[in-house]
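>
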Amino acid sequence: MNINIKKPDRYTVLKIIGVYAIFSCLWIYLSDTALGSVISDPALITRISVYKGFLFVIITSVLLYQLSSRYLLESRQLKEVIKNKDQLFNLLSESIMDAYVSVDMTGKILQYNEIYRSMLGYEAEELYSKTYTDLTPEKWHSKERKIVEEQVIPRGYSEIYEKEYVRKDGTVFPIELRTQLVRDDEGKPSIMWAIIRDITERKQVQDELAFKTQQLEEVNQSLEKRVEEAILEIRQRDQALLLQNRLAAMGEMLSNIAHQWRQPLNSLSLHTQLLPSEFKHGGLSKEYIDKYVDDAMLIIEHLSSTIDDFSFFFRPDKEKVAFSVQHSVARAIKLIKASYDYNNIEIVMNCIDDHIIQGYPNEYSQVILNILSNAKDAFLTRKTVNPKVIITMKVEDGRSVVTISDNAGGIPDEIINKVFEPLFTTKGPQGSGIGLFMSKYIIERNMNGLINVRNNEVGAEFWVKV
Ligand SMILES: Nc1ncnc2c1ncn2[C@@H]1O[C@H](COP(=O)(O)OP(=O)(O)OP(=O)(O)O)[C@@H](O)[C@H]1O
Ligand SMILES: [Mg+2]
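Going left to right, the sequence shown walks through residues 102 to 567 as our numbering numbers them.
(1) Could you pull out every residue in the same chain whose Cβ sits closer than 8 Å to the Cβ of Ile106, ignoring the five residues on either side in sequence?
(2) According to the Cβ coordinates, are Ala433 and Ile408 closer than 8 Å?
(3) Could you give the C-beta distance for Ala397 and Leu369, rounded to a whole number, given that I count them as a contact under 8 Å?
(4) If you measure between the beta carbons of Val567 and Gly499, is that distance less than 8 Å?
(5) So what does Ala295 bridge to, in DSSP terms?
(6) Quick check: is any heavy atom of ligand 1 less than 7 Å from the C-beta of Gly352?
(7) Could you give the distance in angstroms between the alpha-carbon of Ile104 and the alpha-carbon of Lys186?
(8) Ala67 by DSSP, collapsed to three states: which one?
(9) Given 7 Å as the limit, tell me if Asn444 has its C-beta closer than that to any heavy atom belonging to ligand 2.
(10) Decide if Ala135 is buried, meaning its Cβ has at least 16 other Cβ atoms within 10 Å, or exposed.
(11) Hey, would you say the C-beta of Gly511 is under 7 Å away from at least one heavy atom of ligand 1?
(12) Distance check for Ser132 and Val151, CA to CA, integer angstroms please.
(13) Can you list every residue whose CB sits closer than 5 Å to some heavy atom of ligand 2, going in chain order?
(14) Note down the Cα distance separating Met548 from Ala479, rounded to an integer number of angstroms.
(15) For Ala509, does the three-state DSSP call read helix, strand or coil?
(16) Can Val430 be considered in contact with ligand 1, in the sense that its beta carbon sits closer than 7 Å to one or more heavy atoms?
(17) I need the straight-line Cα distance from Met102 to Gln212, nearest angstrom please.
(18) Tell me whether the beta-carbon of Glu245 lies closer than 8 Å to the beta-carbon of Lys264.
(19) Could you give the uninterrupted runs of the alpha helix (DSSP H) lying entirely in the segment 171-256, keeping only those of 4 residues or more?
(20) Hey, is the segment 223-241 in contact with the segment 317-324, meaning 3+ C-beta pairs nearer than 8 Å?
(21) Pairs of beta-carbons, one from the segment 278-298 and one from the segment 253-263, closer than 8 Å: are there three or more?
(22) Would you say Val520 touches ligand 1, meaning its beta carbon is less than 7 Å from a heavy atom?
(23) State the DSSP-derived secondary structure class of Lys107, mapped to helix, strand or coil.
(24) Let me make sure I understand the geometry here. Which of Val114, Lys435, Glu227 has the alpha-carbon closest to that of Arg268?
(25) Give the range of the beta strand (DSSP E) segment to which Met42 is assigned.
(26) Could you tell me if Gly119 is buried or exposed, where buried requires 16 or more neighbouring beta carbons within 10 angstroms of its beta carbon?
(27) So is Ser230 buried or exposed if we call it buried at 16+ other beta carbons inside 10 Å?
(28) Alpha carbon to alpha carbon, what distance is there between Asp455 and Val449?
(29) Say yes only if the C-beta of Ala439 is nearer than 7 Å to one or more non-hydrogen atoms of ligand 1, and no if none qualify.
(30) Indicate the three-state DSSP secondary structure (helix, strand or coil) for Thr504 in the structure shown.
(31) So Ile358 and Phe411 are in contact, right, with Cβ under 8 Å, and what is the actual spacing, rounded?
(32) For a test of your reading of the model: does the CB of Gly534 fall under 7 Å from any non-hydrogen atom of ligand 1? Yes or no.
(33) What's the C-alpha gap between Pro365 and Ile400?
(34) Phe424 by DSSP, collapsed to three states: which one?
(35) Run through the DSSP bridge pairs and tell me what Glu263 is partnered with.
(36) By a C-beta neighbour count over all protein chains shown, 10 Å radius and 16 as the cutoff for buried, is Phe563 buried or exposed?
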């Protein structure tokens, strides 16, 4: 509501007095002059002056009445407007959902609504004797003073801020408010008013949320820890299996070493046995001794290199490295060669492309060895005639593919899907059923590759893609 009423002030009063004075002066001067020019009898002039005086009083009274009643009307209208505005303001402050309070610049409470009163638990009128600092816990005083000095007074309003109030019964509760400033006609700060909201519920929800979040974080952390522990345990178990598989291979390798060493040891012992008879027949020339030493050294170097091969194979791979697939396959072949030779198994290596891959070279050799070892077992149990393994190495779509096929008759269809399962074996107590499971783990989990098997016309065909 916006009503334009001019405020009756000192200027209006002066205006009335001014009009009255001018009229009086003009009356005295003009009426006396006019009377003097028309009438010359002094006795008559005196009599008429008396009537003139009465007339003056009547006219000025009417004039004064007119002027003052206009003045009174204006102030009555103004009072009406102020009353209306007050009523409107009260209506508004009572109908808003939040608490309202206004204070003077010392903080003394001037006006408030019902919500404000009931929020603080005071009886009607009691609050007029209080200041807003009386209702605020001590710890907020300096902070709020700073807000008034730095925001409300220079700018006319504050940001929304949070603090606490104390109820009449002493309980403390959180509130949120924004303070506004009113200036008087001379521009001096005169009143501050604020819309205040009780945020107890919101704080409770926030606290609960924070508590729940913390609980959730704790659960998450302990869950993460448990998952980590479980993963570690699984890894350790996998490592144990890997080791078991290698130890099993080692048992087999020992018999391979025996095969590999038999022939060179034989020739060394033969050479050594010949020494006394050569000596007897005077044939121990310097050349003979030199040749003997060279031959013996060659054999010993060969023996030592087989030991190196085996010990290298049993060294665990610590971290991923770039290695040649062909070298890793060749190492596996070298390790099993003696026992293949012993059992007359032919092995053909067909390297179309070599490839350098990232991973664990010894684990890769272990996979090839497991497959070759299974082929050897299949040949022996099935008594294959002309047993033969063909290893082909090539590159497909930038990845290395090694296929290992045998002619041992293949894997029965009923079990071909199970051969990579842990502990699956058809070899009774001789087999542990770890070989292919471990091979799959190494290729697919440790090197992000793929391993699979199918039967061809003559036997099983494994392929390893990394
Ligand atoms: N080349 C193959 N020809 C026929 N059967 C095979 C061949 N390779 C694997 N198999 C079958 O797959 C099964 C699982 O092989 P895997 O290497 O996992 O275990 P295992 O050889 O029985 O025992 P180990 O743990 O000692 O290696 C074998 O028992 C065998 O029946
Ligand atoms: Mg096996």
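Glycine included, every Cβ here is placed at the ideal spot set by N, Cα and C. For clarity, every value in this text was computed on a predicted model and none was experimentally measured.
Once the coordinates are examined:
(1) With a pLDDT of 42 at Ile106, under the threshold of 50, the modelled position of this residue cannot be trusted, and the question is left open.
(2) no
(3) 6 Å
(4) no
(5) Val202, Thr280
(6) no
(7) With a pLDDT of 36 at Ile104, under the threshold of 50, the modelled position of that residue is not reliable, and no figure is offered here.
(8) Absent from the structure is residue 67, since the part of the chain shown begins at 102 and ends at 567.
(9) No, since every heavy atom of ligand 2 falls outside the 7 Å radius drawn around the Cβ of Asn444.
(10) exposed
(11) yes
(12) 12 Å
(13) Asn475, Gly536
(14) Using only the alpha carbons, I get a separation of about 28 Å.
(15) coil
(16) no
(17) Interpretation of Met102 is limited by its pLDDT of 32, a score under 50 that renders its predicted location unreliable; no figure is taken from the coordinates.
(18) Cβ atoms of Glu245 and Lys264: closer than 8 Å.
(19) 215-221, 242-248, all fully within the segment 171-256.
(20) no
(21) yes
(22) Flag set: Cβ of Val520 near ligand 1.
(23) Confidence in Lys107 is poor, its pLDDT being 49 and thus under 50, which makes the residue's placement too unreliable to answer from.
(24) Nearest to Arg268 by alpha-carbon distance, out of Val114, Lys435, Glu227, is Glu227.
(25) Outside the shown range of the chain (102 to 567) lies residue 42, about which nothing can therefore be said.
(26) exposed
(27) exposed
(28) 16 Å
(29) no
(30) strand
(31) 7 Å
(32) yes
(33) 6 Å
(34) strand
(35) Glu277
(36) buried
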